[in-house]
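To start, the structure under review is shown below, and the notes come after it.
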């Protein structure tokens, strides 16, 4: 070779244009082509010059150290080559003009040159040829991945633990909170930046604060993913904890702060894909995690990395937001779910006001446009008139909705009045609206990504908020000699009341959860909870992924299998169950107990309040100072009110019908409570008994009213066999014990009716009543019914005996 810097004697600039392909891939300077290992390749070339007289116009050399070895010499424009190994190559294209005359050198001169002069290298082309040399690289095709994709799990809002650095290098967990001041450390500035230095580490598997509040959030789901990895079905999974106080867009764009690093979701996807059995990642997003998944995939697409994702599963995702979030931001509603009763609504509302992550859950403009009902309404009254003057009696358009959140009516945040709505942070609200309009609401997956959407239905879920003018006595003091309390003049009070739909998962309405293109599946919570062996293990939005069926569904998606799953359907189910909604303002505690002894409401245990939701498909929560009990109306139960202070209260009973309408059945306005009040009524066969009130807690009924507040004058001649039946059904007895008492009542009534014609049946009726009396005494002695209830039954039995 005459010139090692130009071993092929290539011309510069290139003397002609060309096209060269191998296996359909264009060969250009320093290009990389991919070929299958140990398989022949095909190619084609064309030199843009006529009449090429070169015998081998294409030669291919492989670089081996500092040398080049010819691996192919090609004459035809279309060619086949033996397998190419990986390495660096040079393609040499030659063009030789036709010879003008032939001059033959004597053989003896050719012999002398061969003896005394070095040979010219095969690669080195003569000067009369035009030469183009093209270096390129050959790499083998990566083996086609086989197996399931690795999994990226994105949890919901408030489902990642948050920490701050404590004294002397310790770590202070601020979420889940152990005290209300923990929540205060989560606050943001008006501009939407964290006041304190907060980081995350873990997704919440189970709540780890006080033992009575422990409950699984993602424990079973994470165990399922761990099992898939241990069994070799997936190579890896990541449960990505994130600081949910930020907007989902900030989390994707800016990363998430961990204790010792800043973690990027883009990097997480690339890392999972690199080791994945399929070379791709399946993303599973629960609740707010689904919104995060949308922004993440949009950003992957912007970087040309969307091919790294094969599937995305949305579980209970508020694609368009959900009305419950209005109550959260304006009233601090329902923040006890993971924090227990240590969280104060007032503190929570102050913190949430500037928290961008919470605003992403507000109903979007598209939600307002899609819903058939107004999302906010105002009843007539002194305290609601200022709203009606600005917005009218209903809010059903996006503009008025935004103005109401911002406080265009001129209201001022009242920190101490949880019933008075706060105003939203205008700039954060605007950013949230833009995020929904520009990214979230009309999102669709890039080509190649399959979408699965799981929608929870069958649990009462807030769909609208009504602001009412309620008349109540603000203050009361004890009456003289233990008499009725003396109360101040009743005042007008503003109270927000929740309206519900059965088409939701307790937090997210189906209207929002189903609004994404993809394969849609509905999970029937009502049917699922009814068939639980353990009624205390009922599930709803917060622990949606803890159901065995949802875990099986996700496993099917990951593994590409399809097996029927109970409580799942492709069509939205219709519901026939009606629900009783009991709401009562403070200061009263409420508890409902069914005939099996299951309780829903608040009990006091070891001096602490504990929320119970044992009755199947029941819910208890507090919203802006009002307690709510939601229980299937076909369940017979007793409702007991326990006073906690002096004051007034309003008791409202409504029915959520099978047509999804909420109809007020009764309303007891400005009733009086004391710290010792005990009042109760029952629901039997869908009908309601009277409200019996023990105002001072001495065990004696002081007065009886209807549930609309009308005073009832009790007389002995009002006692009938129906009275006995009603009394018995209101007791918290097992069905077997209740049935035994009712059989005696029915038999005594039968004999009593016959006694009208034959006096002998009177004695038979009396004997049955006496036996009933003895059985009630036994039940009282055994503790199956309390003394007060037993005394009332005995009085009614005695009244019937005296009427004979």
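Residue numbers (the numbering used here): 1326 to 2129. Glycine residues also receive a C-beta, built at the ideal position from the N, C-alpha and C atoms.
Bridge partners of residue i, per DSSP?
{"i": "residue 1915", "result": "1966"}
{"i": "residue 1397", "result": "1385"}
{"i": "residue 1816", "result": "1797"}
{"i": "residue 1824", "result": "1789"}
{"i": "residue 1351", "result": "1346"}
{"i": "residue 1610", "result": "1479, 1639"}
{"i": "residue 1500", "result": "1487"}
{"i": "residue 1581", "result": "1588"}
{"i": "residue 1403", "result": "1369"}
For residue i, which three-state DSSP category applies?
{"i": "residue 1908", "result": "strand"}
{"i": "residue 1570", "result": "coil"}
{"i": "residue 1365", "result": "coil"}
{"i": "residue 1427", "result": "Because the pLDDT at residue 1427 is just 45, under 50, the model does not fix this residue reliably, and the value given afterwards should be weighed accordingly. Coil at residue 1427, not helix or strand."}
{"i": "residue 1587", "result": "strand"}
{"i": "residue 1331", "result": "coil"}
{"i": "residue 2126", "result": "helix"}
{"i": "residue 1716", "result": "helix"}
{"i": "residue 1978", "result": "strand"}
{"i": "residue 1339", "result": "coil"}
{"i": "residue 1628", "result": "coil"}
{"i": "residue 1267", "result": "The chain is shown only over 1326 to 2129; residue 1267 falls outside these bounds and no answer can be derived."}
{"i": "residue 1460", "result": "strand"}
{"i": "residue 1392", "result": "strand"}
{"i": "residue 2121", "result": "helix"}
{"i": "residue 1924", "result": "strand"}
{"i": "residue 1371", "result": "strand"}
{"i": "residue 1933", "result": "strand"}
{"i": "residue 2065", "result": "helix"}
{"i": "residue 1508", "result": "helix"}
{"i": "residue 1538", "result": "The predicted position of residue 1538 is uncertain, since its pLDDT is 45 and thus under 50; a value taken from the coordinates is nonetheless stated next. Helix."}
{"i": "residue 2087", "result": "helix"}
{"i": "residue 1849", "result": "strand"}
{"i": "residue 1663", "result": "Confidence at residue 1663 is low in this model, with a pLDDT of 38, below 50, so the placement of that residue should be treated as unreliable; the coordinate-derived value is given next. The answer is helix: DSSP assigns residue 1663 an H, G or I state."}
{"i": "residue 1445", "result": "Confidence at residue 1445 is low in this model, with a pLDDT of 45, below 50, so the placement of that residue is unreliable and no value is reported for it."}
{"i": "residue 2110", "result": "coil"}
Pick out whichever of the options has its Cα sitting closest to the Cα of residue i.
{"i": "residue 1299", "options": "1339, 1851, 1568", "result": "The first residue shown for the chain is 1326 and the last is 2129, placing residue 1299 beyond what the model contains."}
{"i": "residue 1790", "options": "1886, 2070, 1701", "result": "1701"}
{"i": "residue 1946", "options": "1973, 1907, 2004, 1891", "result": "1907"}
{"i": "residue 1549", "options": "2045, 2027, 1883", "result": "1883"}
{"i": "residue 1904", "options": "1989, 1574, 1386, 1719", "result": "1989"}
{"i": "residue 1926", "options": "1932, 1933, 1917", "result": "1917"}
{"i": "residue 2073", "options": "2083, 2082, 2090, 2080", "result": "2090"}
{"i": "residue 1528", "options": "1512, 1511, 1515, 1546", "result": "1546"}
{"i": "residue 1647", "options": "1626, 1624, 1657, 1693", "result": "1693"}
{"i": "residue 1706", "options": "1842, 1636, 1794", "result": "1794"}
{"i": "residue 1919", "options": "1957, 1683, 1935", "result": "1957"}
{"i": "residue 1641", "options": "1354, 1875, 1960, 1728", "result": "1875"}
{"i": "residue 1981", "options": "1900, 1684, 1572", "result": "1900"}
{"i": "residue 1983", "options": "2000, 2001, 1959, 1970", "result": "1959"}
{"i": "residue 1603", "options": "2004, 1941, 1636, 2023", "result": "1636"}
For my contact list, residue i and residue j are in at a C-beta cut-off of 8 Å; report their separation, rounded to the angstrom.
{"i": "residue 1419", "j": "residue 1382", "result": "5 Å"}
{"i": "residue 1839", "j": "residue 1866", "result": "Wrong, their Cβ atoms sit about 15 Å apart, outside the cutoff."}
{"i": "residue 1289", "j": "residue 1952", "result": "The structure shown does not extend to residue 1289, since the chain spans only 1326 to 2129, so no value can be given for it."}
{"i": "residue 1370", "j": "residue 1478", "result": "That belief does not hold up - the Cβ atoms of residue 1370 and residue 1478 are roughly 51 Å apart, past 8 Å."}
{"i": "residue 2037", "j": "residue 2124", "result": "Contact doesn't hold; Cβ gap of about 16 Å is too wide."}
{"i": "residue 1612", "j": "residue 1804", "result": "Not quite, the Cβ-Cβ distance comes to about 50 Å (not below 8 Å), so this is no contact."}
{"i": "residue 1753", "j": "residue 1679", "result": "7 Å"}
{"i": "residue 1931", "j": "residue 1843", "result": "No, residue 1931 and residue 1843 are not in contact; Cβ-Cβ is about 48 Å, not under 8 Å."}
{"i": "residue 1909", "j": "residue 1966", "result": "7 Å"}
Quick one: is the Cβ of residue i within less than 7 Å of any heavy atom of the ligand SAM?
{"i": "residue 1549", "result": "Inclusion of the ligand SAM in the displayed structure is not the case, the ligand content being empty and no account of it being possible."}
Tell me whether the stretch 2049 to 2067 and the stretch 1999 to 2015 touch, counting them as touching only if at least three CB pairs, one residue from each stretch, are closer than 8 Å.
yes
contact_flag[the stretch 1612 to 1623, the stretch 1810 to 1817] where n(CB pairs < 8 Å) is 3 or more:
no
How about the stretch 1626 to 1644 and the stretch 1574 to 1594: do they share at least three Cβ pairs that are nearer than 8 Å?
Result yes; three or more Cβ-Cβ pairs closer than 8 Å.
Would you say the stretch 1472 to 1489 touches the stretch 1605 to 1612, given that touching needs at least three Cβ pairs under 8 Å?
yes
Within the chosen definition, does the stretch 2054 to 2066 reach the stretch 2097 to 2112 through at least 3 CB pairs nearer than 8 Å?
yes
Does the structure place the stretch 1739 to 1749 close enough to the stretch 1504 to 1511 that three or more beta carbon pairs sit under 8 Å?
no
Taking 8 Å as the cut-off, does the stretch 1340 to 1360 touch the stretch 1458 to 1470 (at least 3 CB pairs, one atom from each stretch)?
yes
Does the stretch 1840 to 1858 come close enough to the stretch 1774 to 1784 that 3 or more CB-CB pairs lie under 8 Å?
yes
Can you confirm whether the stretch 1815 to 1834 touches the stretch 1759 to 1771 when touching is taken to mean that 3 or more C-beta pairs between the two stretches lie within less than 8 Å?
no
Given 8 Å, three or more beta-carbon pairs between the stretch 1732 to 1740 and the stretch 1752 to 1766
no
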